[in-house]
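The working numbering numbers the first residue of the sequence shown as 8 and each following residue consecutively.
No residue lacks a Cβ here, since even glycine has one placed at the ideal position from N, Cα and C.
First comes the structure, then the notes that go with it.
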Amino acid sequence: MSYCSNNTVSIHSPIEITFEKLSLQYPTTLSCPCTQSSIRHDQFLLLDLYYRPICTSQFVNQTFISSLYDDKMSDCYSLDYRIMAVSHFQLIALLCRTIKEMISDALEEFTTRKIVTNQVLSHSIFNAQIAALVEQLKSTIIANIKHINDFLLFNIVENRIYLGLRTNYFIQAVPRAPTNKFIPAKYKTLNSMCSCLTNNNCVHQAGIYNSTGCTGV
């Protein structure tokens, strides 16, 4: 005949090293109830943010962007980068501000949430849970940014929004005609022509063209 017996041993207010040692020795039977079942994320978690250098550089500073503007740029060839530069850097600055605001809002919501458990967690389990929460936060932020990007692209493409730089469409005035012509831009590719009417991914290399009367940075 054989038998086994279970004995319950209680240790009141164990220190951290004692709990970790016992959790390794008795991983399935150790029970350590919490006196407080929930705690806010910002009470134990600090997140350091690192943005791409462009978002902290002088290139998103309004003083720099304003310095790129010149009244005589209207005389430049339409694909001259000096015409586009102001708009491009304004767009980058807007993108940086938008992303920073989105991240700030997401972090504010994240830090006010609570982790809830009625049992003390070991270091390994606790760290795994926190890592999963942080990865979920990052995935949510990236998904939200992509959603905005897709929404803007959809509106520009489907509504045929006319860009101020005239890189996707341009208007041709017709003398004595009741309406003007709305002409899609076309760009030469390696083997064919890409039309902005049928393709929203047409690209063309911008350049600096020494046109008469064209000045600027």
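Cα-Cα separation, Leu-31 to Leu-37
9 Å
State the Cα-Cα distance for the pair Thr-118 and Ala-138, rounded to the nearest angstrom.
For Thr-118 and Ala-138, the distance between alpha carbons rounds to 14 Å.
Anyone know if the C-beta pair for Met-80 and Ile-72 falls short of 7 Å?
In this structure, Ile-72 does not lie closer than 7 Å to Met-80 by Cβ.
Residues of its chain near Ile-110, where Cβ-Cβ distance is below 8 Å and the 5 sequence neighbours each way are ignored:
Excluding positions up to five away in sequence, the list reads Leu-56 and Ile-148.
My understanding is that Phe-216 touches Asp-87, with C-beta atoms under 8 Å, so please give their C-beta distance in whole angstroms.
The residue you asked about is not Phe; residue 216 is Tyr in the sequence shown. Yes, Tyr-216 and Asp-87 are in contact; Cβ-Cβ is about 5 Å, under 8 Å.
C-alpha gap between Thr-205 and His-95, whole angstroms
24 Å
According to DSSP, is Val-164 helix, strand or coil?
Three-state DSSP puts Val-164 in a helix.
Name the one or two DSSP bridge partners that Val-123 has.
Ser-45
Keeping to the same chain, check which residues put their C-beta closer than 6 Å to that of Ala-100; ignore five residues upstream and five downstream.
Val-67
Note down, in chain order, each residue of its chain lying with its Cβ closer than 8 Å to the Cβ of Asp-49, except the 5 sequence neighbours on either side.
Thr-118 and Thr-119
Inter-residue Cα distance where the pair is Ala-92 and Leu-75
When rounded, the distance between both Cα atoms is 7 Å.
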